[in-house]
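A.B. asks:
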Amino acid sequence: MKTENNSYKILVIDDDESIRKTLTNYLKKLNFNVYSASNGSEGIEIAQKEIPDLVITDIKMPKADGFEVLKKIKEIDTHTHVIMITAFDDMSSTVKAMQQGAYDYIEKPLEIDKLKITISRALENKKMSEQLTSFITVETEEYQSENTLIGKSSVMKDVYKKIGQTTTSRVTVLLEGESGTGKELVARAIHYSGITKDKPFVPVNCTALTESLLESELFGHVKGAFTGSIRDKKGKFELAGEGTIFLDEISEISPNLQVQLLRVLQQKEFERVGGETLIPIKARIIAATNKDLNALVSDGEFREDLYFRLKVVSI
17 MKTENNSYKI LVIDDDESIR KTLTNYLKKL NFNVYSASNG SEGIEIAQKE
67 IPDLVITDIK MPKADGFEVL KKIKEIDTHT HVIMITAFDD MSSTVKAMQQ
117 GAYDYIEKPL EIDKLKITIS RALENKKMSE QLTSFITVET EEYQSENTLI
167 GKSSVMKDVY KKIGQTTTSR VTVLLEGESG TGKELVARAI HYSGITKDKP
217 FVPVNCTALT ESLLESELFG HVKGAFTGSI RDKKGKFELA GEGTIFLDEI
267 SEISPNLQVQ LLRVLQQKEF ERVGGETLIP IKARIIAATN KDLNALVSDG
317 EFREDLYFRL KVVSI
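If you count the sequence shown from 1, position 15 lands on 31 in the numbering used here, and the numbers rise without skipping.
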């Protein structure tokens with residue numbers, strides 16, 4: 017893993033010296049090529065020179081804030097992913113960051129394990145994008161998203177055809193394929209090629225959290241719902257707004273969460289953990305799995321009704 021990491025450049029931008037040094041030292045231990053800046057303007061200058069693969073930036077900074085950094089980074093290289101560092105209680109900035117094209121966000125105080133997973137997913141997505149780019153062909157331009165999903169094989173052309181069938185509606189999509197086949201790229205292509213392109217794209221790794229944490233991550237929670245819940249928190253479904261929520265490795269969710277997700281698909285509403293208010297869902301759901309869901313249904317490990325609700329369009 018460390019040998020692979022040394023091919024990636026990561027830029028850390030934060031005016032808080034403690035956070036900046038902590039992130040920089042941690043990433044260097046993982047053998048990444050790390051650059052750092054104490055303000056937005058300095059970070060933009062470094063990005064223009066080094067063209068990083070990934071940028072981790074705070075939002076509130078002097079001399080260009082995180083939103084200005086995000087905008088400039090996308091102008092420098094649209095394929096560079098940006099992870100935003102947000103304050104624990106600054107939900108409005110979090111939503112704005114996702115709407116403006118941030119790959120993901122992490123809250124203060126930083127959770128290193130969660131950050132590591134987010135970085136890994138971002139770089140994996142970039143690597144897959146570069147691999148797919150090698151199959152470039154003019155005929156597929158109309159299906160390209162900001163992630164440059166391109167290819168010329170008959171299989172890829174069939175994928176493009178199905179992507180085209182999903183762009184004018186919010187139909188639920190199930191992506192099935194082995195790990196490393198670019199399912200998240202296809203999800204992003206669907207999102208950025210259609211009516212949701214100007215809305216948030218919110219990815220969720222269903223294997224990264226325990227059942228209780230994943231429930232809170234998806235649906236949010238109210239203050240006092242469990243130990244440590246000191247304020248209301250919006251979940252990923254709310255953050256997605258009218259955009260797309262991408263549920264990666266959907267086969268791994270527990271029976272309890274399968275029931276809750278089925279309710280979301282059937283009734284288009286949910287409750288925060290510990291809450292009683294019904295919240296409508298407007299986001300499109302795209303789910304992905306590297307397992308045979310049909311076989312899991314036969315084995316009684318995955319709900320059949322949920323499977324068919326997810327598989328309105330299958331790619």
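Cβ coordinates follow ideal geometry from the N, Cα and C atoms, glycine included.
What residue does the beta strand (DSSP E) around V71 start on, and which one ends it?
C.D. replies: Start and end: 70-74.
A.B. asks: Whose CA, out of M77, I75, K44, Q181, lies closest to the CA of S330?
C.D. replies: Here the closest residue by C-alpha is Q181.
A.B. asks: For my contact list, K88 and G117 are in at a C-beta cut-off of 8 Å; report their separation, rounded to the angstrom.
C.D. replies: Rounded, the Cβ-Cβ distance is 12 Å, inconsistent with contact.
A.B. asks: Please say whether A241 and R288 have beta carbons closer to each other than 9 Å?
C.D. replies: Going by C-beta atoms, R288 is nearer than 9 Å to A241.
A.B. asks: Report the three-state DSSP secondary structure of S54 (helix, strand or coil).
C.D. replies: Three-state result, S54: coil.
A.B. asks: Compute the Euclidean distance between the alpha carbons of R101 and L126, then round it to the nearest angstrom.
C.D. replies: One detail in the question is off: residue 101 reads as Ile in this sequence, not Arg. In a straight line, the C-alpha of I101 is about 8 Å away from that of L126.
A.B. asks: How would you call S161, buried or exposed, if buried means at least 16 neighbouring beta carbons within 10 angstroms?
C.D. replies: Only weak support is given to the placement of S161: the predicted model assigns it a pLDDT of 46, under 50, and the value that follows is read from those uncertain coordinates. Classification of S161: buried, given that the 10 Å Cβ count is 16 or more.
A.B. asks: Cα separation between R319 and P219?
C.D. replies: Going from the Cα of R319 to the Cα of P219 covers about 22 Å.
A.B. asks: For F5, collect the residues of the same chain with a Cβ closer than 6 Å to its Cβ; drop the 5 residues on either side in sequence, then sort them by chain order.
C.D. replies: It is not possible to answer for residue 5, since the shown part of the chain is limited to 17 through 331.
A.B. asks: Count the C-beta pairs between the stretch 208-222 and the stretch 238-256 that are closer than 8 Å, then say yes if the count reaches three, no if not.
C.D. replies: The stretch 208-222 is in contact with the stretch 238-256.
A.B. asks: Throw me the rounded Cβ distance for the A224 and I266 pair, which I believe falls under 8 Å.
C.D. replies: With a Cβ gap of about 13 Å, A224 and I266 do not count as contacting.
A.B. asks: Would you list the residues sitting across from P296 in a DSSP beta bridge?
C.D. replies: In DSSP, P296 forms a bridge with E285.
A.B. asks: Could you give the residue range of the beta strand (DSSP E) that holds I206?
C.D. replies: Segment 199-209 is the alpha helix (DSSP H) holding I206; no beta strand (DSSP E) there.
A.B. asks: Hey, could you find the ends of the beta strand (DSSP E) N221 is sitting in?
C.D. replies: Segment 217-221, the beta strand (DSSP E) holding N221.
A.B. asks: Terminal residues of the continuous beta strand (DSSP E) containing L126?
C.D. replies: Run containing L126: none; DSSP gives neither H nor E here.
A.B. asks: Less than 9 Å between the C-beta atoms of S109 and I75, yes or no?
C.D. replies: A contact, by the Cβ cut-off of 9 Å.
A.B. asks: So N306 and S195 are supposed to be a Cβ contact under 8 Å. How far apart are they, rounded?
C.D. replies: With a Cβ gap of about 5 Å, N306 and S195 count as contacting.
A.B. asks: Could you check where the alpha helix (DSSP H) with M107 kicks off and where it finishes?
C.D. replies: It spans 107-115 - the alpha helix (DSSP H) in which M107 sits, taken as one unbroken run.
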